[in-house]
Amino acid sequence: MPELPEVETTRRGVEPHLAGRRIAALNVRDPRLRWPVAPDIADRAEGQRITAVDRRAKYLLIRLETGSLMLHLGMSGSLRIVPAETPLRTHDHLDLILDDGHRLRFHDPRRFGSLHWVAHGTEHPLLARLGPEPLEEGFDGAWLRRALAGRRAAVKAALMDASVVVGVGNIYASEALFRAGIHPTRRAGRISRQRLDRLADAVKSVLSEAIAAGGTTLRDFYGGDGQPGYFRQSLSVYGRAGEPCPGCGEPVRQRVIGQRSSYYCPRCQR
DNA sequence: CTAAGGACCTGTCGGC
DNA sequence: TGCCGACAGGTCCTTA
């Protein structure tokens with residue numbers, strides 16, 4: 001489920017319930033995630049006060065006094081805040097037990113998610129080579145020109161490369177290219193500066209609109225299922241093969257680029 | 001350095 | 001109804 005808007009929506013949903021609380025325990029029910037969860041991670045975290053919940057790319061960083069818990073939702077992960085006696089479902093792999101009795105529960109059928117410990121003053125290797133945040137200073141057409149210069153790969157694949165910009169997943173890569181009028185197979189290094197400006201703007205607008213929509217669907221992290229709705233109706237091309245392009249009516253096409261399904265309008269995107 | 005393909009996992013869906 | 005292959009929102013790692 002998680003693209004950047006959902007990770008950010010999740011962050012905003014859980015932070016108020018976590019910040020200021022103390023960790024009573026960390027239950028690792030199944031350590032077999034993308035990387036095995038370190039056996040000593042519970043000992044490191046237990047007893048510490050949570051100061052904030054941040055995000056870098058699609059990693060959530062639960063800030064503690066001596067370091068951070070770094071959590072990735074992978075392809076199928078989700079978080080809920082649940083009361084103490086909430087029955088477990090299959091694939092509920094982790095519980096962060098808070099001093100108010102609530103639990104932050106991590107659910108992940110495919111187990112592509114991960115949990116790492118990052119000590120204060122150290123940088124985790126998984127974060128070391130990441131490109132800029134799409135919604136912060138440093139990401140614009142000028143950056144794209146530098147990052148994509150000389151690249152022969154399809155622009156859609158390049159846009160999903162985390163060293164170019166973080167957080168643009170398969171859905172929003174298609175959506176941003178549609179908004180910018182750029183064909184997904186166009187070679188990344190052969191796009192004019194003006195069109196790269198448009199592309200950077202499209203990435204920003206599509207992600208921030210999705211975050212805004214996600215915020216409205218996320219009402220109550222207690223009790224509810226905690227899953228923000230997925231804003232299919234607001235997507236222009238993703239998952240809409242054969243449906244009319246919202247710009248010109250031409251049927252939306254689907255093809256595989258870099259092993260991922262891609263959607264585009266053959267008329268509006270060049 | 002870049003690009004391409006495989007790998008990790010489970011669940012769901014469509015076709016026969 | 002049952003089985004089988006294709007596919008799913010991520011991304012690291014290996015190989016060329």
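Numbering (our numbering), first residue to last: 1 to 270. The beta-carbon is built from N, C-alpha and C at its ideal position, and this holds for glycine as well. Please read all numbers here as calculations on a predicted model, not as lab measurements.
Check	Outcome
Buried or exposed (CB count within 10 angstroms, at least 16 for buried), C265	buried
8 angstroms Cβ cutoff met for I182 and R190	no
Where W143 falls: helix, strand or coil (DSSP)	helix
Whole-number beta carbon distance between L104 and V14, since they are thought to touch under 8 angstroms	6 angstroms
DSSP-derived helix/strand/coil call for F231	coil
As assigned by DSSP and simplified to three states, the class of R270	coil
7 angstroms CB neighbourhood of T216 in its chain, flanking five on each side removed	Because the pLDDT of T216 is 43, which lies under 50, any placement of that residue in the model is unreliable, and the number read from its coordinates should be weighed accordingly. Same-chain partners within the cutoff: there are none.
Sub-8 angstroms separation of N27 and D95 beta-carbons	yes
Where the alpha helix (DSSP H) through F178 begins and ends	N170 to A180
Neighbourhood of R253 by C-beta, 8 angstroms cutoff - its chain only, sequence neighbours within 5 removed	A241, Y263, Y264, C265 and P266
Integer-rounded CB distance, given that A38 should sit under 8 angstroms from L69	About 11 angstroms; that fails the 8 angstroms criterion.
Length at least 3, wholly inside the region 72-125: the beta strand (DSSP E) runs in chain order	78-82, 92-98, 103-107 and 114-119
Spatial distance of P244 from E175 (CA atoms)	15 angstroms
Residue(s) in a DSSP beta bridge with G67	A119
Sequence-distant residues of its chain with Cβ nearer than 7 angstroms to I257 (five each side left out)	A154, K156, A157, P184 and T185
Cβ-based neighbour list, D197, same chain, cut-off 6 angstroms, excluding 5 preceding and 5 following	G141
Where S78 falls, given that 16 or more other Cβ within 10 Å makes a residue buried	buried
Per-residue DSSP class, three states only, for L159	helix
Span of the alpha helix (DSSP H), counted from its first residue to its last, around V53	First-last for V53: A52 to R56, but that is the beta strand (DSSP E), not the alpha helix (DSSP H).
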